[in-house]
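Numbering (my numbering), first residue to last: 6 to 96.
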């Protein structure tokens, strides 16, 4: 007998359909722009699983939009809030 799902789990590794949706484009459009995205540092899919790391995708979007500097993505909300406070007080 299969066990019932006790709590939802948000997957970290996601297929191209989810990545395209996260970026707000269709899968077809993602296929058209994928090389340009990767040339600009967009993460590649995992070579074994074939899926994309959603955190890496989010970090890339954050860096492109200026929310974080490249390579310094923050997933801990308390750190993110502290950085926001520091920026606010620096003005």
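Just so you know, even glycine gets a beta-carbon here, dropped at the ideal spot from N, CA and C.
The DSSP-derived three-state label of residue 62 is helix.
Linking residue 60 to residue 38 through their CA atoms gives a straight-line distance of about 20 angstroms. Distances from the CA of residue 19 to each of 67, 63, 88 were compared; the closest alpha carbon is that of 63. Counting C-beta pairs with one atom in each stretch, the region 45-57 and the region 18-34 have three or more that are closer than 8 angstroms, which means they touch.
For residue 32, the enclosing alpha helix (DSSP H) covers residues 32-44. Counting along the chain, residue 25 sits inside the alpha helix (DSSP H) bounded by residues 21-28.
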